Amino acid sequence: MQSSPGGAPLLGEPVAIEFANTTFAVRGRPAEGLETPEMLTQWLRDNGFEVREVTRRDVDAARTLRAAIRDIAAAITGGHEWDADAVATVNAYAASPPRWHELAFDPEPHVVQRSSGNPVETALGVIADNAVGIFGGPLRDQLRACPGPGCVLYFLTDGRREWCSKPCGNRARAARHYARTAGTARTSRTQHPRPS
Numbered sequence: 001m002q003s004s005p006g007g008a009p010l011l012g013e014p015v016a017i018e019f020a021n022t023t024f025a026v027r028g029r030p031a032e033g034l035e036t037p038e039m040l041t042q043w044l045r046d047n048g049f050e051v052r053e054v055t056r057r058d059v060d061a062a063r064t065l066r067a068a069i070r071d072i073a074a075a076i077t078g079g080h081e082w083d084a085d086a087v088a089t090v091n092a093y094a095a096s097p098p099r100w101h102e103l104a105f106d107p108e109p110h111v112v113q114r115s116s117g118n119p120v121e122t123a124l125g126v127i128a129d130n131a132v133g134i135f136g137g138p139l140r141d142q143l144r145a146c147p148g149p150g151c152v153l154y155f156l157t158d159g160r161r162e163w164c165s166k167p168c169g170n171r172a173r174a175a176r177h178y179a180r181t182a183g184t185a186r187t188s189r190t191q192h193p194r195p196s
């Protein structure tokens, strides 16, 4: 599993899910992948966004959007009612700033995204727009919260995938095996106590 310089895992998910996963767990303890402007800058660049200067205010805005995306993801995967404030937050970020696509040639034709806003606001708008597409479309049914022990990540399943990553699945299988063998050992000791 790859990770960003801030430690957040990069699972190859759509950008909104990768963004939600910038809060993660290390050995069952919460970890923050967007702690500093430098961490946010690097994460955005690693995910294809062109940004130059990122401020503390940008980090706060990013974390606000991330919390809203995670709240909606938790509601979907947990079968709960969606939080209206989280939905309003995602929609507000998706609506600003104005952005559009242009066709460019240098030397081959390709699409360039343009915006009239600052690059960080534009990036957060694209991430929010991606979240709207996932939560409001057919991908919503593929959204899962990883059931791995201590894991807090989200992913889109293809029907067969059970965990966010192979290492997480391995930890879950090891935990199940340990629970089975520990239970067998306890049963064996109560049935056949050691001589004193």
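Per UniProt numbering, the sequence shown runs over residues 1 to 196. Positions of the beta carbon are idealized from the N, C-alpha and C atoms, including for glycine. Since we're looking at a predicted model, the values are computed, not measured.
- Counting only runs of at least 4 residues, the segment 26–90 fully encloses the following alpha helix (DSSP H) elements, listed from N- to C-terminal order: 37–46 and 56–78.
- Residue pairing by DSSP places Trp163 in no beta bridge whatsoever.
- Per DSSP, Glu13 lies in no beta strand (DSSP E) and is assigned neither H nor E.
- Judged by DSSP secondary structure, Pro119 falls within the alpha helix (DSSP H) whose first and last residues are Pro119 to Phe135.
- If you draw a straight line from the Cα of Ala73 to the Cα of Gly136, it comes to about 11 Å.
- Of the residues Ile69, Gly79 and Pro97, the one whose Cα lies closest to the Cα of Thr89 is Ile69.
- For the 8 Å CB-CB criterion, Ala20 and Tyr154 form a contact.
- Taking every protein chain shown into account, the CB of Thr22 has 16 or more other CB atoms within 10 angstroms, so this residue is buried.
- About 5 Å separates the beta carbons of Gly148 and Trp163, which is inside the 8 Å limit, making them a contact pair.
- Using a 10 angstroms sphere on the CB of Phe24, the tally of other CB atoms reaches 16 or more, which defines it as buried.
- Glu102 carries a strand assignment under DSSP once its states are collapsed to helix, strand and coil.
- Following the DSSP letters along the chain, one finds Val112 inside the beta strand (DSSP E) bounded by residues Pro109 to Ser115.
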